[in-house]
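Colleague: Attaching a single structure in structure tokens format; questions to follow.
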Ligand SMILES: Cc1ncc(C[n+]2csc(CCOP(=O)(O)OP(=O)(O)O)c2C)c(N)n1
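Numbering (this note's numbering), first residue to last: 836 to 1177.
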């Protein structure tokens, strides 16, 4: 365990085998990871600008600053066999599960070609193994727990991976889910992405004790893992270890990935509760910059190649805006299609 204090909290970081990422993914795989993280970042930035131009409506929550966590989790565990589920901050996980930038942007624009046919918007992206984007804080944990139950009941290989925020952790359904998962030995990996803030409330004003995983996992008879959420290689090694353990034991685990979001809670939040200096300090550990430096240190990347990849990803996102712009609106006569109302 590596002890480190972040935001006045003493963490016991899991000492991941960071070299595993290089060993298993190789140069090509790591460059692919860089491309994905850059695409996620550019997608959020461009989508924000489209929102500001009035092309996107509804809620909008950016994943900027947290890219390393879900990218590492999906690469370490593989998207097939597993069930994935997250909050309204769901653009990255949809992309990592196979959604294309075109269909994602079109969904934000409310177009018929969108990921949810223009019905869901920013908070409700889906993929074959992604059970959704959910708007009710903590409300998706019972669904993740049910997905883990189904895997076990049907004797299928795989785990359910559930992402939630630090603010969500105090929600009742979270604790009912942890209790049941432990009681029934369900293969569920609960990942608290501690980005330091709820909507505008600092985590230390919402939670009576921290660190989250170290304090709460023992109460449910689970193992706790704390990961540096800004460091891809460390997250990759950590998730790899956790995945193998959960498949072997069929015991749920509680993971805390320590990170910080770079934007307000949602696009309508100017973030006045955080000083400029605090934000700059967080950006000093930008996961994409850290990953770039790591690749350079490993002699897998040079600055010129980075610039090229960066531009490529930006262009892909700009293309997706064109696609969304030119896509048709859903036909009003289809309004009642695909509606489930018991
Ligand atoms: C049950 C419920 N209560 C309150 C809200 C309003 N709400 C939306 S997001 C949010 C904060 C959640 O913060 P956190 O879980 O830390 O996630 P983050 O947005 O930081 O990723 C709140 C209170 C909601 N959507 N659902």
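Glycine included, each C-beta is placed from N, C-alpha and C at the ideal position.
Using only alpha-carbon positions, find the residue among 1072, 1061, 1001, 1065 that is nearest to residue 1039.
Modeller: Checked all of 1072, 1061, 1001, 1065; the closest Cα to residue 1039 is 1001.
Colleague: Counting pairs of Cβ atoms below 8 Å between the segment 935 to 946 and the segment 964 to 976, do you hit three or more?
Modeller: Output reads no: the segment 964 to 976 does not touch the segment 935 to 946.
Colleague: Would you be able to state if there are at least three C-beta pairs under 8 Å between the segment 987 to 1001 and the segment 1012 to 1032?
Modeller: Enough Cβ pairs lie closer than 8 Å, so yes.
Colleague: Can you tell me where the alpha helix (DSSP H) holding residue 850 begins and where it ends?
Modeller: No alpha helix (DSSP H) contains residue 850, which DSSP labels as neither H nor E.
Colleague: With which residues is residue 1027 paired in a DSSP beta bridge?
Modeller: DSSP output for residue 1027 lists 999, 1091 as bridge partner(s).
Colleague: Which of helix, strand or coil does DSSP assign to residue 1084?
Modeller: Note: residue 1084 maps to helix in three-state DSSP.
Colleague: Can you find at least 3 beta carbon pairs, one from the segment 1086 to 1096 and one from the segment 1058 to 1076, that sit closer than 8 Å?
Modeller: Cβ pair count under 8 Å is three or more, so yes.
Colleague: Does at least one heavy atom of ligand 1 sit under 7 Å from the Cβ of residue 1081?
Modeller: Checking every heavy atom of ligand 1 against the Cβ of residue 1081, none is found closer than 7 Å.
Colleague: What's the C-alpha gap between residue 1022 and residue 936?
Modeller: Roughly 31 Å separates the two Cα atoms.
Colleague: Report yes if the C-beta distance between residue 1070 and residue 903 is below 8 Å; otherwise report no.
Modeller: Against a cut-off of 8 Å, the Cβ pair of residue 903 and residue 1070 comes out as a contact.
Colleague: For residue 1122, which residues from the same chain have a beta carbon less than 6 Å from its beta carbon, with the 5 sequence-adjacent residues on both sides left out?
Modeller: Cβ within range, chain order: 902, 903, 1065.
Colleague: How would you write the range of the alpha helix (DSSP H) that residue 929 sits in, first residue to last?
Modeller: Per DSSP, residue 929 belongs to the alpha helix (DSSP H) from 926 to 931.
Colleague: Three-state secondary structure (DSSP) at residue 1060?
Modeller: Strand at residue 1060.
Colleague: Is it a yes or a no for the segment 847 to 855 touching the segment 879 to 887, going by three-plus beta-carbon pairs under 8 Å?
Modeller: The segment 847 to 855 vs the segment 879 to 887: no contact.
Colleague: Going by Cα to Cα distance, which pick from 969, 972, 1083, 1046 is closest to residue 1020?
Modeller: Considering only alpha carbons, the answer is 1083.
Colleague: Grab me the residues of residue 969's own chain with a C-beta within less than 7 Å of its C-beta, minus the 5 sequence neighbours each way, in chain order.
Modeller: 922, 923, 975.
Colleague: Short check: CB of residue 1055 to CB of residue 1085, under 8 Å?
Modeller: No, Cβ-Cβ distance for residue 1055 and residue 1085 is not below 8 Å.
Colleague: Going residue by residue through the segment 926 to 969, where are the continuous alpha helix (DSSP H) segments of at least 4 residues, counting only ones entirely within it?
Modeller: Complete alpha helix (DSSP H) runs here, min 4: 926 to 931, 936 to 943.
Colleague: If you drop the 5 nearest sequence neighbours on each side, which residues of the same chain put their C-beta closer than 6 Å to that of residue 950?
Modeller: Around residue 950: 934, 938, 939, 942, 960.
Colleague: I want to check one thing, is the minimum distance from the CB of residue 1013 to the heavy atoms of ligand 1 below 7 Å?
Modeller: No, the beta carbon of residue 1013 sits no closer than 7 Å to any heavy atom of ligand 1.
Colleague: Please indicate yes or no: does the CB of residue 979 lie closer than 7 Å to some heavy atom of ligand 1?
Modeller: Result no, Cβ not under 7 Å from ligand 1.
Colleague: How far does the beta strand (DSSP E) with residue 1144 in it reach, from first residue to last?
Modeller: Run containing residue 1144: none in the beta strand (DSSP E); it sits in the alpha helix (DSSP H), 1138 to 1161.
Colleague: What's the call for residue 1171, buried or exposed, on a 16-neighbour Cβ count within 10 Å?
Modeller: Per the 10 Å Cβ criterion, exposed.
Colleague: Excluding the 5 residues preceding and the 5 following residue 984 in the sequence, name in chain order all residues of the same chain whose CB lies nearer than 6 Å to its CB.
Modeller: Within the same chain, residue 984 has close Cβ partners 1021.
Colleague: Can you name the residues that DSSP bridges to residue 840?
Modeller: DSSP, once it has assigned bridges, lists 845 as partnering residue 840.
Colleague: Identify, in the order they occur along the chain, each residue of the same chain with its Cβ nearer than 6 Å to the Cβ of residue 977, setting aside the five sequence neighbours on each side.
Modeller: Taken in chain order, the residues that qualify are 1008, 1012.
Colleague: Cβ-heavy atom distance between residue 1001 and ligand 1 below 7 Å?
Modeller: For ligand 1, at least one heavy atom lies less than 7 Å from the Cβ of residue 1001.
Colleague: Run through DSSP, which three-state label would residue 1047 get?
Modeller: Helix at residue 1047.
Colleague: Are the CB atoms of residue 953 and residue 1167 nearer to each other than 8 Å?
Modeller: Not a contact, by the Cβ cut-off of 8 Å.
Colleague: Residue 1019 bridges to which residues according to DSSP?
Modeller: Answer is none; residue 1019 lacks a bridge partner.
Colleague: Could you check the C-alpha separation between residue 955 and residue 1134 for me, to the nearest Å?
Modeller: Computed Cα separation, rounded: 43 Å.
Colleague: Might you give, ordered along the chain, the residues of its own chain that have their beta carbon closer than 6 Å to the beta carbon of residue 1034, omitting 5 neighbours on each side?
Modeller: Cβ within range, chain order: 1100.
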